[in-house]
Structure formats: C-alpha cells, structure tokens
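Novice:
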Amino acid sequence: MARITLAVTGSISAYKAADLTSQLGKLGHSVTVLMTTAATQFITPLTLQALSKNLVHTDVMLEENPSSIKHIDIAKQTDIFLVAPASAQTIAKLSYGFADNIVTAVALALPSTTPKLIAPAMNTNMYLNPATQENLKRLQTYGFEEISPKESLLACGDVGVGALADIDVILEKVSDILHETN
Numbered sequence: 001m002a003r004i005t006l007a008v009t010g011s012i013s014a015y016k017a018a019d020l021t022s023q024l025g026k027l028g029h030s031v032t033v034l035m036t037t038a039a040t041q042f043i044t045p046l047t048l049q050a051l052s053k054n055l056v057h058t059d060v061m062l063e064e065n066p067s068s069i070k071h072i073d074i075a076k077q078t079d080i081f082l083v084a085p086a087s088a089q090t091i092a093k094l095s096y097g098f099a100d101n102i103v104t105a106v107a108l109a110l111p112s113t114t115p116k117l118i119a120p121a122m123n124t125n126m127y128l129n130p131a132t133q134e135n136l137k138r139l140q141t142y143g144f145e146e147i148s149p150k151e152s153l154l155a156c157g158d159v160g161v162g163a164l165a166d167i168d169v170i171l172e173k174v175s176d177i178l179h180e181t182n
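Here it is, written out as structure tokens:
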C-alpha cells in the first residue's frame, strides 16, 4: 500500500493522531509520524511509535544515520503527506516556506508531485482569521488540499468551525487520492 507521512502539530486534537495512525496501519499503509515540539505536549511520540511500528521523528537536527539526511530521505519516501491536526502556527510556517522543524523541513523537501493534505484544527476565530484563511489559500497554490474542519463544541468551550475533521473523512480523502494516483 502507500507510504504515508503523518505530520502531527500542536493542537488538542493531536490525541486523535493515535486513532488515525492505527486506522491507516490497519488499511495496510506504512505510516511515518513527524511531530512538532508542541504536538509532543499533547501526545507522546511513544504512543504513535507503538501504533505505527516506525520511529517517530521530532527533531530536524537529530540525524541518527550519518550517511543520509533524514528530512530529505523521508520526503523522497512519501507517497502522501498528511498534516493532521494542522495548527495555525504550522499552517503559517508552511505557507511561507519555513523549514525550522521536522514537519516544515520535510514539507519543503517534498517532490512537487507528492499529494499533500492538510486538516486544520483550532479555535473558530483562529481558523476564520483572515491571516489563516490567506495562508490556507497560499498552501492550495503549493498543491495542498484542505480537509475542512467541522463545526463542533471546541476544547475552549466555544461552538463553531475548527474541530479536526472526523477520522473517517480523513481516511476517505487518503483513499480518494490513492485511487486518483493509481
């Protein structure tokens, strides 16, 4: 099946990455997980390592193998790049081409033909903020496809759009892309 690179960023929805990783594995996909530092405050790398059966990468500067460059190798071995959940911070960094963490460095190193999905998760006002919306539009021009957040009761107590899309919706989008590329 596919080699999916799952980028997990700093959102309360990061805990849902465990179910997403598990479901992708059950479908036969190989999952490589990348985590921002903020993501590791919500869920541990060990959880995602146990579910993915692969090393979880959290530091762009940690090079375990001196004969390769990790973020370049991961990018070359990615069939689908999926950012879920995608925080406003990471969306902004990706839209401006930052490469200051493992998620943004791998994203910048991806071949232009690699399908890229982004599933935002944040407070309604943050999601609807013109800066975030502009960043998402910019990412579309770079080939990212948004998996829109849903309207729900959010962790902050507000009700509105911003909750991570349901795992089934994300899995369906991954399946759609795999059928388009095969």
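One point on numbering: in full-length UniProt numbering, the residue at position 60 of the sequence shown is 60, and numbering is uninterrupted.
Positions of the beta carbon are idealized from the N, C-alpha and C atoms, including for glycine.
Keep in mind it's a predicted model, so treat the numbers as computed, not measured.
(1) To the nearest angstrom, how far is it from the Cα of Ala-105 to the Cα of Lys-93?
(2) Can you tell me whether Lys-116 is buried or exposed, with buried defined as 16 or more other CB within 10 angstroms of its CB?
(3) Rounded to whole angstroms, what is the Cα-Cα separation between Asp-158 and Ser-13?
(4) Take Ser-52 as the anchor and find which of Ser-11, Ile-74, Thr-5 has the nearest alpha-carbon.
(5) Which first and last residues belong to the beta strand (DSSP E) in which Gly-162 is found?
(6) How would you write the range of the beta strand (DSSP E) that Thr-32 sits in, first residue to last?
(7) Where Gln-41 and Gln-89 are concerned, what is the direct C-alpha to C-alpha distance, given to the nearest angstrom?
(8) So, under 8 Å CB-CB, Pro-45 and Val-56 are touching, yes? Tell me the CB distance rounded to an integer number of Å.
(9) Return yes when the C-beta of Ala-121 is under 8 Å from any heavy atom of the ligand PLP, and no when it is not.
(10) Indicate the three-state DSSP secondary structure (helix, strand or coil) for Leu-117 in the structure shown.
(11) Use the C-beta contact count for Met-1: other C-beta atoms within 10 angstroms, 16 or more gives buried, fewer gives exposed.
(12) Using only alpha-carbon positions, find the residue among Arg-3, Leu-164, His-179, Ile-177 that is nearest to residue 183.
(13) For Glu-151, write down the residues that DSSP places opposite it in a beta bridge.
(14) Starting from Ile-80, trace the alpha helix (DSSP H) both ways and give me its first and last residue.
(15) Only counting the same chain, and skipping five residues up and downstream in sequence, which positions put a Cβ closer than 6 Å to that of Ser-11?
(16) Kindly list the residues whose CB is nearer than 6 Å to the CB of Asp-79, restricted to its own chain and excluding five residues on each side of it in sequence; keep chain order.
(17) Any idea which residues DSSP pairs Val-8 with across the strands?
(18) How long is the line joining the alpha carbons of Ala-119 and Ile-72, rounded to whole angstroms?
Specialist: If we stick to the structure as given:
(1) On the sequence shown, position 105 is the one that residue 105 refers to. On the sequence shown, position 93 is the one that residue 93 refers to. Spanning the two alpha carbons is a distance of roughly 10 Å.
(2) Residue 116 sits at position 116 when you count from the first residue of the sequence shown. With 16 or more Cβ atoms within 10 Å of its Cβ, Lys-116 is classed as buried.
(3) One-based indexing of the sequence shown puts residue 158 at position 158. One-based indexing of the sequence shown puts residue 13 at position 13. In a straight line, the C-alpha of Asp-158 is about 15 Å away from that of Ser-13.
(4) Position 52 of the sequence shown, counted from the first residue, corresponds to residue 52. Of the candidates Ser-11, Ile-74, Thr-5, Thr-5 places its Cα closest to the Cα of Ser-52.
(5) Residue mapping note: residue 162 aligns to position 162 of the sequence shown, counting from 1. From DSSP, the beta strand (DSSP E) with Gly-162 extends over 159 to 163.
(6) Locating residue 32 in the sequence shown gives position 32, where the first residue counts as 1. Note, Thr-32: beta strand (DSSP E), 30 to 35.
(7) Taking the sequence shown and counting its residues from 1, the one referred to as residue 41 is at position 41. Taking the sequence shown and counting its residues from 1, the one referred to as residue 89 is at position 89. Looking at the two C-alpha atoms, the distance is approximately 15 Å.
(8) Within the sequence shown, residue 45 is the residue found at index 45, counting from 1. Within the sequence shown, residue 56 is the residue found at index 56, counting from 1. Rounded, the Cβ-Cβ distance is 4 Å, consistent with contact.
(9) Of the ligands one can find in the structure shown there are none, so the ligand PLP has no counterpart to examine.
(10) Translated into positions along the sequence shown, residue 117 becomes position 117. Of the three classes helix, strand and coil, the one that applies to Leu-117 here is strand, per DSSP.
(11) As a first step, residue 1 must be located in the sequence shown, where it is residue number 1. Met-1 should be labelled exposed.
(12) Any property of residue 183 remains undetermined from this structure, which presents the chain solely from 1 to 182.
(13) Taking the sequence shown and counting its residues from 1, one reaches residue 151 at position 151. Beta-bridge pairing links Glu-151 to Val-161.
(14) Residue mapping note: residue 80 aligns to position 80 of the sequence shown, counting from 1. Where Ile-80 is concerned, there is no enclosing alpha helix (DSSP H), although the beta strand (DSSP E) it sits in stretches over 80 to 86.
(15) The count along the sequence shown starts at 1 and reaches residue 11 at position 11. These residues qualify, in order along the chain: Pro-85, Ser-87, Ala-121.
(16) Position 79 of the sequence shown, counted from the start, is the residue given in the question as residue 79. Result list for Asp-79: Ala-2, Arg-3, in chain order.
(17) The count along the sequence shown starts at 1 and reaches residue 8 at position 8. The partner list for Val-8 (beta bridge, DSSP) reads Met-35.
(18) What you label residue 119 is simply residue 119 of the sequence shown in a count that begins at 1. What you label residue 72 is simply residue 72 of the sequence shown in a count that begins at 1. Take the alpha-carbon of Ala-119 and the one of Ile-72: they are about 23 Å apart.
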